[in-house]
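Read through the structure below, which is laid out as C-alpha coordinates, and then see the notes.
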Amino acid sequence: MGRKILVAGHGGKSTLARVLAADLDLPYIELDAIFWLPDWVERTRDDFRDLVEKALEENPDGWLIDGNYGTALQGMIVRRAETVIYVNMPWGLMFWRTFWRAVARARDRRLICGENIESWRHTFLSRDSLLCFLIKNRKNFQRRRTERLRGWVEGAQMIELTGRAALNRFYEDRGLVRDHL
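In short: position in the sequence shown from 1, add 92, done, that's my numbering.
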(Lines of atoms letter the chains of each structure in order from A and count residues from 1; the text may use other names and numbers.)
(Lines give C-alpha, C1' and ligand atoms only; values in the text may rest on other atoms or scores of the structure.)
Protein backbone atom coordinates (compact mmCIF):
# COMPACT_ATOMS: atom_id res chain seq x y z
CA MET A 1 0.00 0.00 0.00
CA GLY A 2 1.33 3.43 -0.92
CA ARG A 3 1.86 6.48 1.29
CA LYS A 4 -0.59 8.67 -0.65
CA ILE A 5 -3.99 7.15 -0.07
CA LEU A 6 -7.54 8.19 -0.92
CA VAL A 7 -10.42 6.49 0.87
CA ALA A 8 -13.70 7.16 -0.97
CA GLY A 9 -17.21 5.75 -0.98
CA HIS A 10 -19.88 5.48 1.72
CA GLY A 11 -20.91 3.29 4.60
CA GLY A 12 -17.62 2.99 6.50
CA LYS A 13 -15.25 5.31 4.63
CA SER A 14 -14.45 7.81 7.38
CA THR A 15 -13.95 5.28 10.15
CA LEU A 16 -11.62 3.26 7.92
CA ALA A 17 -9.75 6.41 6.86
CA ARG A 18 -9.15 7.59 10.45
CA VAL A 19 -8.04 4.14 11.65
CA LEU A 20 -5.77 3.54 8.65
CA ALA A 21 -4.17 7.01 8.87
CA ALA A 22 -3.34 6.41 12.54
CA ASP A 23 -2.00 2.91 11.82
CA LEU A 24 0.21 4.11 8.95
CA ASP A 25 1.18 7.35 10.74
CA LEU A 26 -0.07 9.46 7.85
CA PRO A 27 -1.62 12.93 8.05
CA TYR A 28 -5.42 12.55 7.98
CA ILE A 29 -7.11 15.04 5.65
CA GLU A 30 -10.92 15.17 5.80
CA LEU A 31 -12.37 16.77 2.68
CA ASP A 32 -15.69 17.56 4.39
CA ALA A 33 -13.83 19.67 6.99
CA ILE A 34 -12.19 21.64 4.18
CA PHE A 35 -15.32 22.03 2.03
CA TRP A 36 -17.81 23.14 4.70
CA LEU A 37 -17.55 26.53 6.36
CA PRO A 38 -19.46 27.18 9.62
CA ASP A 39 -23.28 27.08 9.39
CA TRP A 40 -23.07 24.66 6.46
CA VAL A 41 -21.87 27.28 3.99
CA GLU A 42 -20.12 25.71 1.00
CA ARG A 43 -16.74 26.96 -0.09
CA THR A 44 -16.43 28.06 -3.68
CA ARG A 45 -15.04 25.38 -5.97
CA ASP A 46 -11.86 27.41 -6.56
CA ASP A 47 -11.24 27.96 -2.83
CA PHE A 48 -11.88 24.28 -2.14
CA ARG A 49 -9.47 23.16 -4.87
CA ASP A 50 -6.82 25.63 -3.65
CA LEU A 51 -7.06 24.41 -0.05
CA VAL A 52 -6.88 20.76 -1.08
CA GLU A 53 -3.88 21.56 -3.31
CA LYS A 54 -2.22 23.28 -0.34
CA ALA A 55 -2.86 20.24 1.90
CA LEU A 56 -1.27 17.94 -0.69
CA GLU A 57 1.76 20.22 -1.10
CA GLU A 58 2.23 20.47 2.69
CA ASN A 59 2.46 16.68 2.93
CA PRO A 60 4.77 15.58 0.09
CA ASP A 61 5.80 12.37 1.86
CA GLY A 62 2.29 11.03 2.19
CA TRP A 63 -1.28 11.60 3.25
CA LEU A 64 -4.55 9.84 3.73
CA ILE A 65 -7.53 11.69 2.33
CA ASP A 66 -11.06 10.89 3.46
CA GLY A 67 -13.72 11.99 1.01
CA ASN A 68 -15.42 11.94 -2.31
CA TYR A 69 -15.94 15.27 -4.15
CA GLY A 70 -14.92 13.72 -7.46
CA THR A 71 -16.75 16.28 -9.57
CA ALA A 72 -15.55 19.31 -7.60
CA LEU A 73 -11.93 18.15 -7.59
CA GLN A 74 -12.04 16.62 -11.08
CA GLY A 75 -9.88 13.70 -10.07
CA MET A 76 -6.91 15.78 -8.86
CA ILE A 77 -6.49 13.61 -5.74
CA VAL A 78 -7.03 10.28 -7.48
CA ARG A 79 -4.36 11.08 -10.05
CA ARG A 80 -1.79 11.67 -7.29
CA ALA A 81 -2.80 8.77 -5.09
CA GLU A 82 -0.68 5.65 -4.91
CA THR A 83 -3.57 3.68 -3.42
CA VAL A 84 -7.32 4.27 -3.77
CA ILE A 85 -9.60 2.41 -1.39
CA TYR A 86 -13.24 2.46 -2.43
CA VAL A 87 -15.75 1.46 0.25
CA ASN A 88 -18.62 0.22 -1.92
CA MET A 89 -21.39 -0.98 0.37
CA PRO A 90 -24.78 -2.15 -0.91
CA TRP A 91 -27.13 0.83 -1.14
CA GLY A 92 -29.43 -0.38 1.65
CA LEU A 93 -26.59 -0.91 4.10
CA MET A 94 -24.99 2.41 3.15
CA PHE A 95 -28.29 4.26 3.55
CA TRP A 96 -29.07 2.77 6.97
CA ARG A 97 -25.54 3.40 8.26
CA THR A 98 -25.83 7.00 7.08
CA PHE A 99 -29.31 7.32 8.61
CA TRP A 100 -28.33 6.02 12.06
CA ARG A 101 -25.10 8.01 12.05
CA ALA A 102 -27.14 11.16 11.33
CA VAL A 103 -29.53 10.36 14.19
CA ALA A 104 -26.61 9.90 16.61
CA ARG A 105 -24.92 13.10 15.47
CA ALA A 106 -28.10 15.17 15.72
CA ARG A 107 -28.88 13.71 19.15
CA ASP A 108 -25.34 14.21 20.51
CA ARG A 109 -24.79 17.55 18.74
CA ARG A 110 -21.32 16.36 17.72
CA LEU A 111 -19.14 18.68 15.64
CA ILE A 112 -18.72 17.37 12.10
CA CYS A 113 -17.42 18.67 8.79
CA GLY A 114 -15.23 21.25 10.45
CA GLU A 115 -17.28 23.40 12.81
CA ASN A 116 -20.79 22.20 11.97
CA ILE A 117 -23.48 20.35 13.87
CA GLU A 118 -25.93 17.98 12.23
CA SER A 119 -29.44 19.23 13.03
CA TRP A 120 -32.70 17.30 13.01
CA ARG A 121 -34.20 19.84 10.63
CA HIS A 122 -31.40 19.75 8.07
CA THR A 123 -30.99 15.99 8.25
CA PHE A 124 -34.64 14.98 7.97
CA LEU A 125 -36.56 17.96 6.59
CA SER A 126 -34.20 19.52 4.06
CA ARG A 127 -34.08 18.63 0.39
CA ASP A 128 -30.34 19.34 0.57
CA SER A 129 -29.64 16.64 3.14
CA LEU A 130 -27.34 13.71 2.46
CA LEU A 131 -30.24 11.32 3.03
CA CYS A 132 -32.33 13.03 0.33
CA PHE A 133 -29.34 13.00 -2.01
CA LEU A 134 -28.90 9.25 -1.48
CA ILE A 135 -32.60 8.58 -2.10
CA LYS A 136 -32.78 10.77 -5.22
CA ASN A 137 -29.67 9.24 -6.73
CA ARG A 138 -30.22 5.67 -5.60
CA LYS A 139 -30.67 4.05 -8.99
CA ASN A 140 -27.32 4.87 -10.57
CA PHE A 141 -25.39 6.24 -7.59
CA GLN A 142 -22.83 3.51 -6.98
CA ARG A 143 -22.44 2.39 -10.59
CA ARG A 144 -21.65 5.92 -11.79
CA ARG A 145 -19.28 6.65 -8.93
CA THR A 146 -17.40 3.36 -9.39
CA GLU A 147 -17.04 3.93 -13.14
CA ARG A 148 -15.84 7.51 -12.66
CA LEU A 149 -13.34 6.51 -9.99
CA ARG A 150 -11.92 3.68 -12.09
CA GLY A 151 -11.59 6.07 -15.02
CA TRP A 152 -9.45 8.47 -12.97
CA VAL A 153 -7.14 5.89 -11.42
CA GLU A 154 -3.92 5.77 -13.48
CA GLY A 155 -1.35 3.35 -12.16
CA ALA A 156 -2.51 3.50 -8.56
CA GLN A 157 -3.41 0.39 -6.63
CA MET A 158 -7.21 0.25 -6.37
CA ILE A 159 -8.79 -1.68 -3.54
CA GLU A 160 -12.55 -2.00 -3.81
CA LEU A 161 -14.24 -3.20 -0.64
CA THR A 162 -17.61 -4.43 -1.84
CA GLY A 163 -19.86 -5.34 1.06
CA ARG A 164 -19.56 -5.70 4.80
CA ALA A 165 -17.57 -8.96 4.66
CA ALA A 166 -14.86 -7.41 2.46
CA LEU A 167 -14.59 -4.38 4.76
CA ASN A 168 -14.37 -6.60 7.86
CA ARG A 169 -11.71 -8.75 6.15
CA PHE A 170 -9.67 -5.63 5.32
CA TYR A 171 -9.68 -4.62 9.01
CA GLU A 172 -8.80 -8.15 10.13
CA ASP A 173 -6.03 -8.70 7.56
CA ARG A 174 -4.27 -5.53 8.72
CA GLY A 175 -4.96 -5.94 12.46
CA LEU A 176 -7.01 -2.73 12.51
CA VAL A 177 -9.65 -1.94 15.14
CA ARG A 178 -12.62 0.34 14.38
CA ASP A 179 -12.81 3.45 16.54
CA HIS A 180 -16.60 3.96 16.16
CA LEU A 181 -16.39 7.76 16.35
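Every residue gets a Cβ at the ideal spot worked out from N, C-alpha and C, and that includes glycine.
Checklist entry - So which of G103, V111, E150 has the shortest CA-CA distance to R270? => result Taking the sequence shown and counting its residues from 1, one reaches residue 270 at position 178. It is V111.
Checklist entry - Which one or two residues does DSSP pair with D158 in a beta bridge? => result Position 66 of the sequence shown, counted from the first residue, corresponds to residue 158. Residue pairing for D158: DSSP places it in a beta bridge opposite V99, E122.
Checklist entry - Quick one: what does DSSP say E150 is sitting in, helix, strand or coil? => result If you number the sequence shown from 1, residue 150 lands on position 58. Of the three classes helix, strand and coil, the one that applies to E150 here is helix, per DSSP.
Checklist entry - In terms of residue numbering, what span does the beta strand (DSSP E) encompassing V176 cover? => result Working through the sequence shown from its first residue, we reach residue 176 at position 84. In the DSSP annotation of this structure, the continuous segment of the beta strand (DSSP E) that includes V176 starts and ends at 175-180.
Next on the checklist: Please state whether the Cβ-Cβ distance between A113 and C205 is less than 8 Å.
Outcome noted: The count along the sequence shown starts at 1 and reaches residue 113 at position 21. The count along the sequence shown starts at 1 and reaches residue 205 at position 113. No, Cβ-Cβ distance for A113 and C205 is not below 8 Å.
Next on the checklist: So within the stretch 188-217, which uninterrupted alpha helix (DSSP H) runs reach at least 4 residues, ignoring any that extend past its ends?
Outcome noted: Taken in chain order, the complete alpha helix (DSSP H) segments of 4 residues or longer contained in the stretch 188-217 are 212-217.
Next on the checklist: Between I177 and chain D, is the shortest Cβ-Cβ distance under 8 Å, so that the two count as touching?
Outcome noted: Here there is only one protein chain, and chain D is not present.
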